[in-house]
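I have placed the structure first, in the form of structure tokens, so that the comments after it can refer back to it.
Number of protein chains: 2
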Amino acid sequence: MDRHCPLPLENHDTVQLAHGAGGRLADELLGKLFMPLLHNRFLARRDDQALLPAFSGKLAFTTDSYVVTPLFFPGGDIGSLSVHGTVNDLAVGGAVPRYLSAGFVLEEGFPIAELERVVRSMAAAARECGVEVVTGDTKVVGRGQCDGMFITTSGIGELRDGVDLSCSNLRPGDRIIVSGTLGDHGIALLTARHGLSFTGSALRSDSAPLHRLVAAMLDRYRGVHAMRDATRGGLSAVLNELASASAVGIVLQEDTLPVDSAVRGAAELLGIDPLEVANEGKLVAVVPQGEAEGVLEAMRTCPDGTGRNAALVGEVVQEHPGMVVMETGFGSRRIVEMPLGEQLPRIC
Amino acid sequence: MDRHCPLPLENHDTVQLAHGAGGRLADELLGKLFMPLLHNRFLARRDDQALLPAFSGKLAFTTDSYVVTPLFFPGGDIGSLSVHGTVNDLAVGGAVPRYLSAGFVLEEGFPIAELERVVRSMAAAARECGVEVVTGDTKVVGRGQCDGMFITTSGIGELRDGVDLSCSNLRPGDRIIVSGTLGDHGIALLTARHGLSFTGSALRSDSAPLHRLVAAMLDRYRGVHAMRDATRGGLSAVLNELASASAVGIVLQEDTLPVDSAVRGAAELLGIDPLEVANEGKLVAVVPQGEAEGVLEAMRTCPDGTGRNAALVGEVVQEHPGMVVMETGFGSRRIVEMPLGEQLPRIC
């Protein structure tokens, strides 16, 4: 259970410039909020660096900054998102996620209660992922100099033996698998941000950790060629990057792409392509043809449910290297382009 | 030499929202700016995580967010600062700094030329420190949603065998050493920010990497009890944290504290205590009495000059645990308190 976090701190119920200043108030924020909520033996040392046990093999190292707005959205918040995103970047690299760092930039006047809510959510997400937030930093900027709160998490994971995942590994004949419905995060954020509601639907972010799904896949077949989580730029960006890095073509079958009907409806209404929208709990895997069905089965039966809607959606071809082509239900073909940029800023 | 970085990118000479959006413009920013300037085999993989070689021993892991203003200041800039700060946090933990990550939050409209200048400075600082920026992320927020640029760097270092540095290691009789003049960074920032100038003086930040100094110290005596870089909150904050964590007292001799005369003058005029001001290239070490002179000598003769003004400034006592006391030149004593918070916001 979480330890008690006594509020308000030092009679402040909002973040003060001094909370980021390395003095008594900063010390109090660390001691009364961050340490009790994220508590572990590394943070308890109160040094400026965590000393981690030796790893037996190679490491994976990743970082992401989170500037999502709103901070709290259907299906998640910036705290859980900042853990899931970094855990997923380690997982799809073939690593077992172990340790996270967290750097906070806070706006003067930000409510301490909201900060507590975010850190609590971060702590819960870290527990679920089997990782620890072992070191961190807090800076405070004046009013109007940032928008509430930004978080940057970095992560270290332990690379599995015998795994070689890279965006340059695609070979003609490989199958393309996606782990579930596409576009949920982006569309949920957009509707939440603009206060839209669609009758009968509950649009929620898919923010979720994928480390168990990846473990199930690699346990089934260690030789998976490539994996990426389909965040900013969505499926379109990931497939274009993979095709380009491996100098191969990709052909998608439109009718196999899993898109939730509420997401499809909202996306149509908003004029947004769900394939270009960020996901925060979905991955794309490229698997040799003969192993694709086995890996798909391992995904669909992964006990945490993150792969229950996994689908085989296309294949790698020798033709049109660097290009992604979609075969539509009507037998025609269209090019799936690399998105120019964000249809939705501050989605993660 | 740095590779050529063709500007403007895609006919944009300022940062667009799409540069942080995982699509074509983001790809271009990565491929034409970050990768050529920071180039290394890890970034070249273009995956979302760096796969690092195995380490033989324990690791140190640290993170810091940088929100300094102005971005360019006498003696440094946010790019070099973000490398030095993280390198120093690893070094004072007893580790050899190896790999960095960098997360950028940029404001829409930020000049690409300034971004290039910052990344170029970061690359130069990394080379000097023998570290590589192996993974990164860029987010862009709308105008007015951040103040130009924030950077969060995390770092991984390899812990030296037989070193045990911790803020709870202080023992009565230990000597307190500082590596050079105090308050330079904070006072230089403040005067730069307000356009003040003091005749005949050249106030410059002391931003510098301390990894070679720490190596020289630990080569001379591996049993150093504690080390901290004296950043936010200055010497006062560090010594109060050390005294409190080790439940010992500390006595300083005022006339031994190295403060540059121009810094002292500016600080007096501004009503600021140089002991409470951030340094970005100074450390505090706590060393057993019998080894203090040897370590001091190793610091003063460190070839990069970062320890040339090192001084023995006080000692650890059994009395007044948790309290730092200064003996002044007039034979009186005063308490050196933990600063409440920042006299100078956004100093690093």
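The listed protein sequences correspond, in order, to chains A and B. Going by this note's numbering, the residue at position 175 of the first sequence is 171; the numbering climbs one at a time, nothing skipped. Going by this note's numbering, the residue at position 32 of the second sequence is 28; the numbering climbs one at a time, nothing skipped. Every residue, glycine too, gets a C-beta built ideally from N, C-alpha and C.
Quick one: does P341 of chain B have its CB under 7 angstroms from some CB of chain A? yes
If distances are taken between C-alpha atoms only, which option among B:G140, B:L161, B:V115 and B:K54 comes closest to R42 of chain A? Taking the Cα of R42 of chain A as reference, the smallest distance to any Cα among B:G140, B:L161, B:V115 and B:K54 is reached at B:L161.
DSSP state of H207 of chain A mapped onto helix, strand, coil: In this structure, H207 of chain A counts as helix in the three-state DSSP scheme.
Leaving aside the five residues before and after P205 of chain B along the sequence, list all residues of the same chain whose C-beta is less than 6 angstroms from its C-beta, in chain order. H80, V83 and C125
Please list the residues of the stretch 126 to 140 of chain A that have a C-beta atom closer than 9 angstroms to any C-beta atom in chain B, keeping them in chain order. Going along the stretch 126 to 140 of chain A in chain order, one finds V130, T131, G132, D133, T134, K135, V136, V137, G138 and G140 with a Cβ nearer than 9 angstroms to chain B.
Assuming contact is defined by CB atoms lying nearer than 7 angstroms, are L209 of chain B and G89 of chain B in contact in what I supplied? no
Note down the Cα distance separating F281 of chain B from L192 of chain A, rounded to an integer number of angstroms. Reading off the sequence shown, one finds Ala at residue 281 of chain B, where the question assumed Phe. Computed Cα separation, rounded: 58 angstroms.
Identify every run of the alpha helix (DSSP H) within the stretch 37 to 96 of chain B, keeping only runs that are complete inside it and at least 4 residues long; order them along the chain. 74 to 87
Contact with chain B by D269 of chain A, beta-carbon distance below 7 angstroms: no
Return the chain-ordered list of same chain residues with a C-beta closer than 7 angstroms to the C-beta of G310 of chain A, the five sequence neighbours on each side being excluded. I172, I246, V247, L248 and Q249
Taking Cβ positions only, does A142 of chain B come closer than 7 angstroms to chain A? Note that residue 142 of chain B is Cys in the sequence shown, not Ala. Yes - at least one Cβ of chain A is within 7 angstroms of the one on C142 of chain B.
Do V244 of chain A and L166 of chain A count as a contact pair if the criterion is CB distance below 7 angstroms? yes
When you check each C-beta in the stretch 2 to 35 of chain B against every C-beta of chain A, which residues fall closer than 8 angstroms? Q12, L13, A14, H15, G16, A17, G18, G19, R20, L21, A22 and D23
Counted within 10 angstroms of its Cβ, other Cβ atoms place I147 of chain A as buried (16 or more) or exposed: By the Cβ neighbour-count rule, I147 of chain A is buried, with 16 or more other Cβ atoms within 10 Å of its own.
7 angstroms Cβ cutoff met for G59 of chain A and T131 of chain B: First, the amino acid is wrong: residue 59 of chain A is Thr here, not Gly. Closer than 7 angstroms, so yes.
Throw me the rounded Cβ distance for the F68 of chain B and A184 of chain B pair, which I believe falls under 8 angstroms. With 8 angstroms as the limit, F68 of chain B and A184 of chain B do not qualify as a contact, their Cβ atoms being about 12 angstroms apart.
With a Cβ-Cβ cutoff of 7 angstroms, do L155 of chain B and G53 of chain B count as a contact? Contact flag set, yes.
In this structure, what does DSSP give as the bridge partners for V280 of chain B? B:V174 and B:R224
Look up R167 of chain B in the DSSP assignment and say whether it is helix, strand or coil. In this structure, DSSP gives R167 of chain B a state outside helix and strand, which the three-state scheme calls coil.
Outcome for R228 of chain B when other beta-carbon atoms lying within 10 angstroms are tallied against a minimum of 16: buried
According to a CB-to-CB cut-off of less than 7 angstroms, which residues of the stretch 40 to 56 of chain B neighbour chain A? R41, R42, D43, D44, Q45, A46, L47, L48, P49, A50, F51, G53, K54, L55 and A56
Buried or exposed for Q45 of chain B, please, with buried defined as at least 16 other CB atoms from any protein chain shown within 10 angstroms of its CB. Classification of Q45 of chain B: buried, given that the 10 Å Cβ count is 16 or more.
Extent of the continuous beta strand (DSSP E) to which A233 of chain A belongs: Taken as a continuous stretch (DSSP letters only), A233 of chain A belongs to no beta strand (DSSP E), being part of the alpha helix (DSSP H) at G230 to S242.
Could you list which residues in chain A have their beta carbon closer than 7 angstroms to that of V99 of chain B, in chain order? One detail in the question is off: residue 99 of chain B reads as Gly in this sequence, not Val. What G99 of chain B touches in chain A: T59, D60, S61 and T148.
By Cβ distance below 8 angstroms, which residues in the same chain neighbour Q285 of chain B in space, the five residues on each side in sequence not counted? G169, D170, R171 and E311
Would you mind telling me which residues of chain B sit closer than 7 angstroms to S201 of chain A, beta carbon to beta carbon, in chain order? Within chain B, no residue comes near S201 of chain A; the closest Cβ sits about 16 angstroms away, beyond 7 angstroms.
Which of helix, strand or coil does DSSP assign to M319 of chain B? If DSSP states are grouped into helix, strand and coil, M319 of chain B belongs with coil.
Spell out whether any CB of chain A is found under 7 angstroms from the CB atom of R228 of chain B. yes
Just tell me which of A:M145, A:L214 and A:R329 has its CA closest to the CA of E112 of chain A. A:M145
Answer with buried or exposed for L265 of chain A, where buried requires no fewer than 16 other C-beta atoms within 10 angstroms of its C-beta. By the neighbour-count rule (16 or more Cβ atoms within 10 Å), L265 of chain A is not buried but exposed.
State buried or exposed for P270 of chain B, treating a residue as buried only when at least 16 other CB atoms are found within 10 Å of its CB. buried
What residues from chain B crowd round I183 of chain A, counting only those whose CB sits closer than 8 angstroms? Those do not exist, as I183 of chain A stays about 16 angstroms from chain B at its closest Cβ, beyond 8 angstroms.
Mapping the DSSP letters down to three states, classify T10 of chain B as helix, strand or coil. strand
Looking only at its own chain, which residues have a Cβ that is under 6 angstroms from the Cβ of S242 of chain B, when we skip the five neighbours before and after it? S164 and L166
What residues are listed by DSSP as bridge partners for D133 of chain B? For D133 of chain B, which the question treats as bridged, DSSP gives the partners B:G99.
Beta carbon proximity, M334 of chain B to chain A, threshold 7 angstroms: yes
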